[in-house]
Every structure is written in C-alpha cells, then in structure tokens.
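Student: Quick one: the structure is below, questions incoming.
Protein chains in written order, with the working numbering: chain A, 9 to 428; chain B, 9 to 428.
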C-alpha cells in the first residue's frame, strides 16, 4: 500500500471524456490498494475564458475578485471527476481549497501555500475514499478569501498536498511520458531519464523544459518528496500501479541525488530560443557603470540573464552584453534610452536571433573538464559563443539561433547521451 | 437612506456588457445614498452548460458534487460585477454563499436557506461598501459543503438576504417591468399593478406567471419583506432610485394587503396551458376508490391538481376527472394501468388540449358573486367548463384550450381590469 498524489493538468481533463480517462488512472491505483489524492487543473481553455471575462470587466482589477472568478475552473473539474469516480463504483469527494483547508498568502494571483490540514482526508483514506482536490488555489486565512497561486500553480498544489499527506510519491501526469535528455523533436536519439535530481530538474525547468513548474520542484526538494512525471495519454490499464521501489520503471522520478546510484556527469541538454541579446558599445568605463545600466532595468522589473563585459582597446570604454526575455526587448531599449543621462554616451545593438544552450548535470560538481569539452565541441563545428554563464551543475552558452539544433545534437552526442 | 437588496437574473448578467448595465443600476442607488446588497445569478447559459457537463459525467450523480460544480456559475458573475463596480469608483466585494455565510439544509440541489449572518456586510455598509452575493447557494454547516437551492433559487436568496439585512425593499430585476393584470401578449389592455398582495402573487406565481419564484414570495410574506418587480432593461439613469413611500411609482410592489389601500375585487387573470386532463370512465363506485386511484399517483410523485367526481345514472359507477402536468401524462397513464388490479375495471380518456383560467383577487373574501359572474360570462361566450377549483382568493376553471385567449379577454374586461 502506498499513499499517492496524482496531478492532472488542463489538457488531461479537457472534456468529460478525458476526465473519464483520468478516472481510470485513479481506479487502477485504488484497485491496487493505494490511497489516492487527485489534484486537478481547470479544463483547458476554461481559465483563459475566465481571465478574458475579467479583463473585459476591467483591465485594472482587484486581484481578490480575479481569484474568486478564476478559481471556479478547478472547482468544476474536481466535482466532475468525483462524479465520474463514483459512477465507477469508487468512493470519492471533491475538496475546494478552502474546504481542505489549504491556506495561502494574501498575494492574490500569485499566492504561496502557507499550510495544509490534511487530517480529514487522511481519516477518509481509512475507508478508501479518494480525495479530489482543486489545484491552483487556497484560502487566505485572515479575510477568508480565495487566493490563486498563479499559472501552473497546480503542480505546486500537488506537491504540497503530497507533503501534507506524507505521500510516497507525487505523480504529475502531463502530455509527455517523462523527462528526456533533450528535446526529442530535435534529437531523435534523446532518452527518457528514469531518475533526475531535484537540482537538475530545477535547471531544466527554469531553462524552458516546461514539464514541471519551478516552484513545485523547489517545494519537493525542500521536503524530499519524490515527484514522478508521467503521461496521461498512455492507456490507464496498460500502466503499472504505483509500487514502492519500482517507481522508475515508467516516467521520470525527480528525487534526491542520493537515490540516483549511477549518476552521469551530464544528464541533459536544454535550450531556449526566447532570449534576446543587447550590447551597449563604447560605454565610458567608470566606477558604478554596471549599476547605472542594470539599476533602471531592475526598477522596470526586467530580468537580465547573462552578462558579459569586455574592455575596449583604449582602456577607457567598455562593451556590455546581456540577455533579456525576447518579449521584454522593446521595453529594455526604451528603459536604456531613458537612462542615457545617467549612463552617458553609448551605441546600442540588439538581436533576438540568439539561443541559449545549457549542459546540465549534477556530476559536474566532481568532474573537471565538462566546460572545456563543451567549448571545444562547439568550436569544432564553427559555432561562435556570444556569452557564458555557469552554476555548480550547469554551463550555458549563448549562440546564434541558426546553430541551436546543431549545437544540441553535437553536445547530446559528445556527452554520451545518445540512445543506442 | 434606504437599505436595498437588488437581484439580477441570468439574462440581466448574460455577458460583461450586460453586467456593466447592472453596475449602473447599482451606482444609481449608491449615488442616492442607499446601502446596497446585490444578489446575482449565473450568466445565462452557464448553468445549463455546467448541468450538461454533470449529466455527461454521470446521469446518476452525487447531488453534493452537482452543487459544487453548478454553484461556480454565480461565483463568476459576482466577481465580475464587483470588478466592474470598482472600476466605476465604488467600493465593492463579492461574497460566495459560504463566505457570508448563508447556511442551507443538506437537501443538495433543492436546499432551503436555514440562516444568514449578515453582520459583516452590515458593518461594511457603514463605509459604503456594496456587497455582491452569489444567489442560488449556501453552505451546509455540518459537512461544510456547498448546497444549491434549485432552479430559480436566486429570488429566494435575495429575499433571504433582505430579511437578514433588515432591508427596506428587495428589488428583483427581471425582463418585465412589473406584474400585469394578465399576460399583455393576449390582452393589449392589460395594466401594470402598482401593488399586489403576497397572497395574490403566490397564486399568480404558482399559476404560471413566472415573474417570481413561489418560494421567494412565501419567504417575503412570512417576514413581511416588500419585494418589487422591476425591469433591468430600462436605462439605469432613467429610473428613480429607491425612495421610501414612493416605491410603487415604478414596477410592482409585492406587499402586505394592509398596504394596499384601494384593493380591487379581482386583481388579475392568470392562465396555464401545460396541464392535461385525464378521465376514468365507469369506475366502480365503492368506498376508498379515490385513494386507490390517487394513492399510486402520489407514490409515483405525480402532482394531481383539479379533481371532479360525477356519479353515473346507474348509481353504481362514477366518472373521475382530474388534471396533471402535461409532461407527466404518459407516466400517469402507465401508473394507472399498473394499478388496474386495485382500481378495478375502467375506461380511460385523456387530453392535453385544455387550459386552466384563474381569476385572482384578495377582495373575493368579502365580495360574493365573483364566481357566479365568471361562470355566466364564460357561458355567454359558449365556453364549456370541464372542472372547477377554488381557494379563498382564486377561482380556476378548466376549459378547452382553443378558448383560452377568448376566456382571458372576456374575464379581464368583465372584472373591470381593462386599461382606459
């Protein structure tokens, strides 16, 4: 017997027929003797419709009212799934965030879960009742208002429920059957990773591999909750129910690195194409110049990612290159022009035709030469590196977007990730 | 200053543009210094969509889950209206049933309101905050589940809120501008009634004049809460705000008969065409025969309305005529056939081509001859009466449906209801 939290996103519950499919996944677990809490998102499209209503009502709107409206999407799914489960002969009931209760901070629209009382759900596990919980929402305890966690928050709801219920695993059902060494659409030889550490998954998630929401991985890491990525599109009866010790047979288990016996130096290659490069040319090289450039950008809430500073031959000027989200490029250029009096004279160049390629692996910590191998491989293919950033378990390079696929394939092969 | 509850139904909040129109009605009241609680229904069509989802999930469904799903419709409207009101510079917040709280019985899907704590809303009236409350729902206190009141329950929610807040009036906005002496589509000379008593309105409501839900009128009568029927389709700024003592200038005030100074003997003529007539011919006239006929119908939850029994010339048999809802006719015939062993031999005739015409007026209590005038007027037009029922303030006759309009026009004229 295992306690299992199962989370299903919007496309997995897009209509009643898909909800029936979800119910069969749940039934498989119950039939195997597992105790199940299901966390659901809104039917795909519903949240967008509700948000559109709110925007039509007023572009500037009270976040508490936005939450009251938008949170109804999950409430509909939860009730419908409970009904379908009952029609299959299972005991089930829906739980809205305030009913559990899941308490949340007052930051409406992007609230954080502050506590969960899972005692009543645990009590009902004893009589084999399935709990169907609305994702994405909680209740702000002081004013007793519904608070939503922000887009993608249902992953976080699921992990938080798993922690509260001391679950053995939190299974996140998606439209992919696991986490791969890289995007299979680019590299046919990409392999499913049976296990990946929280730290690696965090780098993957923040680097555009949109399988899991970053915050949910952080939460899982903090509480050492095993999270598994699975596909809801596999026939429910063709999938084995949760058995402890055999989790990695399907999907990808995100877990503590201690649980990964044979870890590879590099686990995966990630890439993003939605960054833009900005270069300020011939900025006067005076003390505090970086603050004068990046201060106004921070004030404008523009996230700067990679930064490279190079001094020009005259020694008095510097070129400053950095990247921002491509969608932020126009605002970035405006903000810099407005700050010209502080920064001084400069020329500006920008381009959205760049890609960031990242090599990720917890093994890097103990293995030297990973970066050198990367730089040489790219150089051998004639790919120019525009900027570099590194963390303990990741090396990212910025390159011309035209070479993105070539770079990913090259690195995937050179680090031994290609499937046989 | 008055405390006003304003209720808007589905067609009045059908989309964001219509919700904006509702907000202008509210603003008019706030600008006049009134304290306002608004009760809203789901946007028209939304409840039907949610019910369709539930039915698709399972035809036999847990009423508690049905309620969890269906109650979201009003929650969306309430949030949107609060946002629009705020955008007009008013203070407003939405209240879901469980937040007020409005407690309800555990009869999910057709729950009754058992209590309302309006103290927090009253406290916020002091700082001119508008309360936007979800109609149609409450919370069942023992299990803390959402419970809906059944279709049309938002009228009842509004009256219950008005009672809890000790409001001066409960204004129900509909798609008609008041209660008329009869259906203006049949009688062009029909007049708006400035006032009508609770008792008369109850007869009107239960007789097919679908302006107000019966239960809401009963509740208003029990608490002597003034209810006014108004049109939400009149331009909000063209309507006078609530002023006590001048309520009857627009719409129709449903109130205690003591408030109606010059009451007419007959206030209105109602008609329904959705009944069917059933006649059992030559039933053996033995003791308990009525129980043997109507017992099985009651067991099958079929409501019988009018009953006429006539003895045949031989003295040993009786003909039994009664009416049921036309939609129940097939089930009625089946049930009677199944009960043949108890009832004995009989022939059966049935027809849905009948109409029930009712003359309603609180003045009947003290005026004799109202019924005689009705029978004579119908007889003069050659209209045959198939059955008769009466109450203290109502006389109903069943006639051939072909004569329905003629009968209504004739009676409207003879009781002096025609407009000049």
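C-beta: ideal position from N, C-alpha, C; glycine also. Quick caveat, the model's predicted, so the values are computed rather than measured.
1. For the alpha helix (DSSP H) that contains residue 74/A, what are its first and last residues?
2. Assuming residue 376/A is part of the alpha helix (DSSP H), what are its boundary residues?
3. DSSP state of residue 7/A, grouped into three classes?
4. Tell me which residue opens and which closes the alpha helix (DSSP H) that residue 307/A is part of.
5. Going along the chain, which residues of its own chain have a beta-carbon closer than 8 Å to the beta-carbon of residue 301/A, five neighbours each way excluded?
6. Classify residue 220/A: buried if its beta carbon has 16 or more other beta carbons within 10 angstroms, exposed otherwise.
7. Scan the region 53 to 72 of chain B for residues whose Cβ lies nearer than 8 Å to a Cβ of chain A and list them as they occur along the chain.
8. Go ahead and label residue 281/A buried or exposed: buried means 16 or more other beta carbons lie within 10 angstroms of its beta carbon, across all protein chains shown.
9. Output the boundary residues of the alpha helix (DSSP H) element that contains residue 63/A.
10. Count the other CB atoms, across all protein chains shown, that sit within 10 Å of the CB of residue 58/B; report buried if there are 16 or more and exposed otherwise.
11. Considering only DSSP beta bridges, list what residue 285/A is partnered with.
12. Secondary structure at residue 232/B, three-state DSSP: helix, strand or coil?
13. Are residue 64/B and residue 87/A closer than 7 Å when you measure CB to CB?
14. Which residues of chain A have a Cβ atom closer than 7 Å to the Cβ of residue 91/B, listed in chain order?
15. Can you find a C-beta in chain A that's less than 7 Å from the C-beta of residue 142/B?
16. Going along the chain, which residues of the region 18 to 30 of chain A sit with their C-beta nearer than 9 Å to a C-beta in chain B?
17. Work out the CA separation of residue 358/B and residue 410/B for me, nearest whole Å.
18. Between the C-alpha atoms of residue 418/A and residue 385/A, what's the straight-line distance to the nearest angstrom?
19. When the Cα atoms are used, what is the spatial distance from residue 432/A to residue 341/A?
20. In terms of alpha-carbon separation, which member of 314/A, 81/A, 188/A lies closest to residue 259/A?
21. Using a Cβ-Cβ distance under 7 Å, would residue 186/B count as near chain A?
22. In terms of alpha-carbon separation, which member of 285/B, 310/B, 333/B lies closest to residue 407/B?
23. Within a Cβ cutoff of 6 Å, which residues of the same chain sit near residue 106/B, ignoring the five residues on either side of it in sequence?
24. Starting from residue 95/A, find everything on chain B with Cβ-Cβ shorter than 9 Å and list it in chain order.
25. Suppose you measure from the CA of residue 222/B to the CA of residue 313/B; what does that come to, to the nearest Å?
26. Taking buried to mean at least 16 other C-beta atoms within 10 Å of its own C-beta, is residue 376/B buried or exposed?
27. Which residue marks the beginning of the alpha helix (DSSP H) containing residue 199/B, and which one marks its end?
28. When the Cα atoms are used, what is the spatial distance from residue 55/B to residue 131/A?
29. Only counting the same chain, and skipping five residues up and downstream in sequence, which positions put a Cβ closer than 7 Å to that of residue 319/A?
30. Using DSSP with H/G/I as helix, E/B as strand and the rest coil, what is residue 319/A?
31. Let's see if you can read the secondary structure: which residues bound the alpha helix (DSSP H) around residue 39/B?
32. In terms of DSSP beta bridges, what is residue 325/B paired with?
33. Which residues in chain A sit within 7 Å of residue 102/B, going by Cβ to Cβ distance?
34. Please classify residue 83/A: is it buried, with 16 or more other beta-carbons within 10 angstroms of its beta-carbon, or exposed?
35. Between residue 87/B and chain A, is there a C-beta pair that is closer than 7 Å?
36. To which residues of the same chain is residue 22/A closer than 7 Å at the C-beta, ignoring the five residues directly before and after it?
Tutor: The answer reads as follows:
1. According to the DSSP assignment, residue 74/A belongs to the alpha helix (DSSP H) that extends over 71 to 78.
2. For residue 376/A, there is no enclosing alpha helix (DSSP H), as DSSP gives it neither H nor E.
3. No information on residue 7/A is available, as it lies outside the stretch 9 to 428 that chain A covers here.
4. 297 to 307 is the extent of the alpha helix (DSSP H) around residue 307/A.
5. The residues are 288, 291, 328, 344, 347, 351.
6. By the neighbour-count definition (other C-beta atoms within 10 Å, threshold 16), residue 220/A is a buried residue.
7. So the close ones are 58, 61, 62, 64, 65, 66, 68, 69, 70, 72.
8. With fewer than 16 other Cβ atoms within 10 Å, it is exposed.
9. Annotation: the continuous alpha helix (DSSP H) that includes residue 63/A extends over 54 to 65.
10. That one is buried.
11. 331/A, 359/A, per the DSSP bridge assignment.
12. DSSP places residue 232/B in coil when its eight states are reduced to three.
13. Contact: no.
14. Going along chain A in sequence order, the residues near residue 91/B (Cβ under 7 Å) are 62, 65, 66, 69, 70, 73.
15. The beta carbon of residue 142/B sits no closer than 7 Å to any beta carbon of chain A.
16. Taking 9 Å as the Cβ-Cβ cut-off against chain B, the residues of the region 18 to 30 of chain A that qualify are 23, 24, 25, 27, 28.
17. So the alpha carbons of these two residues sit roughly 16 Å apart.
18. Each residue's Cα considered, the two are about 7 Å apart.
19. It is not possible to answer for residue 432/A, since the shown part of chain A is limited to 9 through 428.
20. Just measuring C-alpha positions, the residue of 314/A, 81/A, 188/A sitting nearest residue 259/A is 188/A.
21. Contacts with chain A at 7 Å (Cβ-Cβ) do not include residue 186/B.
22. That would be 285/B, whose Cα lies nearest to the Cα of residue 407/B.
23. Excluding positions up to five away in sequence, the list reads 147.
24. By Cβ distance, chain B contributes 65, 66, 67, 68, 69.
25. Taking the straight line joining both Cα atoms gives about 17 Å.
26. Answer is exposed; the Cβ neighbour count stays below 16.
27. Here residue 199/B belongs to no alpha helix (DSSP H), and DSSP marks it neither H nor E.
28. Taking the CA atoms as reference points, residue 55/B sits about 34 Å from residue 131/A.
29. Hits under 7 Å: 293, 326.
30. Correct three-state label for residue 319/A: strand.
31. If you look at residue 39/B, you'll find it in the alpha helix (DSSP H) that goes 24 to 39.
32. Under DSSP, residue 325/B takes part in a beta bridge, and its partners are 292/B.
33. Those are 73, 76, listed as they occur along chain A.
34. With 16 or more other Cβ atoms within 10 Å, it is buried.
35. Interface residue (Cβ-Cβ distance to chain A less than 7 Å): residue 87/B is classified as such.
36. For residue 22/A, same chain residues with a beta-carbon under 7 Å away, outside a window of 5 residues either side, are 51, 52 in chain order.
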